[in-house]
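*Asks:* What follows is a structure written as structure tokens; I'll ask about it next.
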Amino acid sequence: MEDGKGFWHSKLNEVQKRMPSSENEDIERWRKQTLEPWEKSTNCEPVEHVNSSSIEIKELYTESDLPHGQKELLGYPGEYPFTRGVYPNMYRGKPWTMRMFSGFGTPEDTNARLKYLISHGETGLSIAFDMPTLYAYDCDNKRSDGEIGKCGVNVSSLKDMEVIFDGIDLSKVTTSMTINAPAAVLTAMYFAIAKKQGLSLASIGGTVQADILKEYIAQKEWIYPPEAHIRIIRDMMVYCTENVPKWNYISISGYHIREAGSSAVQELAFTLADGFYYVEMGKAAGLDVDKFAPRLSFFFNSSINFFEEIAKMRAARRIWATALKEKYGARSKRAMMLRFHTQTSGYTLTWQQPHINIIRTAFEGLAAVLGGTQSLHTNSYDEAMALPSEEAVKVALRTQQIIAEETGVTDTVDPLAGSYYVEWLTNKIEEEAYRYFDKIESMGGILEAVKNGYIQREIASTSYRRQKRIEEGREVMVGANKYVEAEEKPISILRIPREAQEIQIKRLRDVKATRDRDRVEGALGRLRKAMENPDENVMPYLIEAVEAYATLEEISNVGREVYGGWKEPIII
Amino acid sequence: MAAGKNQSSYKQRPPKILLAKPGIDGHDRGVLVLARAFRDAGMEVLYAGLLPTPEEVIDTAVNEDVDVIAMSLLNGAHLTVFKRVADLMKERGIDDIALVGGGTIPEEDKPALEAMGITGNYGPGTPLSIIIEHVQRRSAEARKKKMEQD
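Just so you know, the sequences run in chain order A and B.
Using our numbering, read the first sequence as starting at 14 and increasing by one per residue.
Using our numbering, read the second sequence as starting at 330 and increasing by one per residue.
Below, the structure is given as structure tokens:
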């Protein structure tokens, strides 16, 4: 490594060197002879063209904006460095998985919604949990009052999960669970359900988010200090690599980083930096990178600046493949492939004139498909107000079906490749991401950069800058700061009745009354010993505890006692 | 009123705001933007951090002698959690701190919140200038009450 600095510093130099520095004479001629006279004669006012990452966009891109090695940077679909997609035939072989994030109210409500979506053509399940579940408080905790089932489905014990998946054959679907701090507990519950259905753990597939770094960065749902969560996730990683080979145990997520206010470049850089951390964690745990890296998947946001999003996704694949090969010594193609889920941006949707959100979501979903996503959630038009109504979620699913089956964008692989603008922007975003990796490396790594609040402050600054631009009208949100209507017509939104809380509390009371108390105590005692011993793997003990119907909060309280809590650094 | 304070210091000091998310809710984008916006508008801003209980929010507000508690929730629990803050204020006889709210609050919930004395209740897309103006007005009202009680 040059200058005694690390891998990322030398990669940054390499990437910077390849970006062309000057334009060719043809362009200068065109600008003088054709563009400038035209702008003069049409009284064209200079307008700022800048994307979310503060990258200035020129009026025209040509081959002179691309480096000499552009062909090698692209490669072919299904081949290193995977810029053009991870599969050779992409959507010609199989469309992306249409996976709608669902969960609200009681487990019964959610079970019915999942079956509704399956009956309308959904191809994968995705569960949203409510706030108490995400923070591992049971429904009967005083803090949970008023929050049960509001942001997702409530789960306090295995009994709730049994109801959510009632009548759904886990050998026929894959399930994604958006849960992080208590991810290992919910995963243990899912495995317990599979066992109850008579399935071997080796045969089931799915994803648990379990990306705890981005919780400290953006979503802010943690229970313990970072090191404690990281240790539990490591245990899940080791356990699943051995026992549940089709389980994706970390979905490294940029979605929340973006929703918290970051730019596209920041989303990309911080997410991949988190990903590198997990690779290093797996290697440190003694796992073979070619064996575990294929189980790491990603989750990106598709926001409203169309080409910026597409370029971000293409750059993501290339950076990941390069790092896995050059830094982490991966040899298998599968380990270098960045596979990802996408959700369209909730932040870009307006409270005002909610039906126009359908249009925004369609563009964002299209960008995700042109960016090569493996699965997609399209937001519903009522996203800014509440969890989606049945009508709204159907429109969102239909939007995907139109992209897949009517527009023809799936007819050929990576149709935008070779576009001067898209390739230049992909290269530029890649360079900007390397700049962050270099900076993070110089700060002692991503965990340090998160613990000292650097990453969070970077995001908060970008978020405030954007808000001020909206305030000044320099950035447009149709219906909110331009084309505003004086009267807003209300739409019907989903409301979670108070009874959901009562039903959940009653179910939990029944569970506690009928379970074997000694079995629960025994399981929790063994779990505590495992948590206190970093050389023990906690996963088998978590499975034992959930099967004994120990509750989510009881299990997490063992960790609270062993590890303590966490206060975030000052961000503002 | 605590010793060492006087009316002139109340008059001179800028509006003092406590931003708080008193429920189980990690959506802090809005509250962090408002913290900077209020500060840029010349207010003194405190942020209660994540997951404070309603009791903790009120304790901080009283100890720091703030003019306004600005509450934000995007988890749909405003009718329960904002209400608990308002109820606790009443129980403790605190009437010189104004309560304002914001977040994903459906139109139909606003009258109930107003009746509890929680005003504003702004949703996504509200211009910062409108929120700032409202908080300044409520702060001035609370300040007037504080001076009357001296």
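By construction, the Cβ of each residue, glycine as well, lies at the ideal position given by its N, Cα and C atoms.
As the structure is a prediction and not an experimental result, all values here were calculated from the model.
Using the beta-carbon count (16 or more within 10 Å), is A375(A) buried or exposed?
*Replies:* Under this definition A375(A) is a buried residue.
*Asks:* Could you list which residues in chain A have their beta carbon closer than 7 Å to that of P456(B), in chain order?
*Replies:* Near P456(B) (Cβ distances below 7 Å), the residues of chain A are E484.
*Asks:* Alpha helix (DSSP H) containing M400(B): first to last residue?
*Replies:* From DSSP, M400(B) is part of no alpha helix (DSSP H) but of the beta strand (DSSP E) over 397-402.
*Asks:* Could you tell me which chain B residues have their CB closer than 9 Å to the CB of D158(A), listed as they occur along the chain?
*Replies:* The contacting residues are A406, T409, V410, R413.
*Asks:* Since G355(B) contacts E234(A) with CB under 8 Å, what's their CB separation in whole angstroms?
*Replies:* Indeed, because the Cβ distance is near 5 Å, the residues count as touching under 8 Å.
*Asks:* Does P145(A) get closer than 8 Å to chain B when you measure Cβ to Cβ?
*Replies:* It does; some Cβ of chain B falls within 8 Å.
*Asks:* Please classify T389(B): does DSSP put it in a helix, a strand, or coil?
*Replies:* Helix, per DSSP.
*Asks:* So what does DSSP say about G134(A), is it helix, strand or coil?
*Replies:* Three-state result, G134(A): coil.
*Asks:* Roughly how far, in whole angstroms, is the beta-carbon of L347(B) from the beta-carbon of I398(B), given that I think they are within contact range, below 8 Å?
*Replies:* About 5 Å; that satisfies the 8 Å criterion.
*Asks:* For A332(B) and M418(B), what's the separation of their Cα atoms in angstroms?
*Replies:* In this prediction, A332(B) scores a pLDDT of 46, lower than 50, which makes its location untrustworthy; no coordinate-derived value is stated.
*Asks:* Closest Cβ-Cβ distance between L347(B) and chain A: below 8 Å?
*Replies:* By this cut-off, L347(B) is not an interface position.
*Asks:* Output yes or no for whether 8 Å exceeds the beta carbon distance between K163(A) and N404(B).
*Replies:* Yes, Cβ-Cβ distance for K163(A) and N404(B) is below 8 Å.
*Asks:* Using the beta-carbon of each residue, which ones in chain B are nearer than 9 Å to W364(A)?
*Replies:* Those are T433, G452, P453, G454, T455, listed as they occur along chain B.
*Asks:* Three-state secondary structure (DSSP) at M113(A)?
*Replies:* Residue state, collapsed to three classes: strand.
*Asks:* Any chance you could list the beta strand (DSSP E) runs of at least 3 consecutive residues sitting entirely within the segment 344-421 of chain A, in chain order?
*Replies:* Runs found: 353-357, 388-390.
*Asks:* Between the C-alpha atoms of S54(A) and V435(A), what's the straight-line distance to the nearest angstrom?
*Replies:* C-alpha separation (whole angstroms): 30 Å.
*Asks:* What does the alpha-carbon distance come out to for the pair S322(A) and R31(A)?
*Replies:* First, the residue type needs correcting, since residue 322(A) is Glu and not Ser in the sequence shown. Taking the straight line from one Cα to the other gives about 22 Å.
*Asks:* Does DSSP put I263(A) in a helix, a strand or coil?
*Replies:* I263(A) falls in the strand class under three-state DSSP.
*Asks:* Using a Cβ cut-off of 8 Å (strictly closer), state whether S264(A) contacts chain B.
*Replies:* So, not an interface residue.
*Asks:* Using a beta-carbon distance below 8 Å, is G355(B) in contact with chain A?
*Replies:* It does: the Cβ of G355(B) has a partner Cβ on chain A nearer than 8 Å.
*Asks:* Counting only beta-carbon atoms, is L442(B) nearer than 8 Å to chain A?
*Replies:* Answer no: the Cβ-Cβ gap between L442(B) and chain A never drops below 8 Å.
*Asks:* Taking CB distances under 8 Å as the criterion, tell me whether A473(A) reaches chain B.
*Replies:* Output row for A473(A): interface = yes.
*Asks:* Quick one: list the residues of chain A neighbouring G378(B), beta-carbon separation under 8 Å, in chain order.
*Replies:* Result: K580, E581.
*Asks:* Secondary structure at E373(B), three-state DSSP: helix, strand or coil?
*Replies:* Looking at E373(B) - three-state DSSP - the assignment turns out to be strand.
*Asks:* Considering only the alpha carbon of each residue, which of I506(A), S213(A), G267(A) lies closest to E257(A)?
*Replies:* A small fix is needed here, since residue 257(A) is Val in this sequence, not Glu. Comparing Cα-Cα distances from V257(A) to each of I506(A), S213(A), G267(A), the minimum goes to S213(A).
*Asks:* Counting only beta-carbon separations shorter than 8 Å, does P503(A) have a partner in chain B?
*Replies:* So, interface residue.
*Asks:* Less than 8 Å between the beta carbons of A329(A) and L285(A), yes or no?
*Replies:* The answer is yes: Cβ separation under 8 Å.
*Asks:* Quick one, which residues of the segment 441-469 of chain A are near chain B if we go by CB-CB under 8 Å, in chain order?
*Replies:* Going along the segment 441-469 of chain A in chain order, one finds no residue with a Cβ nearer than 8 Å to chain B.
*Asks:* Report the start-end ranges of each alpha helix (DSSP H) in the segment 130-218 of chain A that is 4 residues or longer and not cut off at the edges.
*Replies:* Fully enclosed alpha helix (DSSP H) runs of 4 or longer: 144-147, 171-177, 196-209.
*Asks:* Distance cutoff 8 Å, beta carbons only. Does L417(B) sit that close to anything in chain A?
*Replies:* Chain A, which has no Cβ nearer than 8 Å to the Cβ of L417(B), makes this no.
*Asks:* For K519(A) and D531(A), what's the separation of their Cα atoms in angstroms?
*Replies:* Straight-line Cα distance between these residues: approximately 22 Å.
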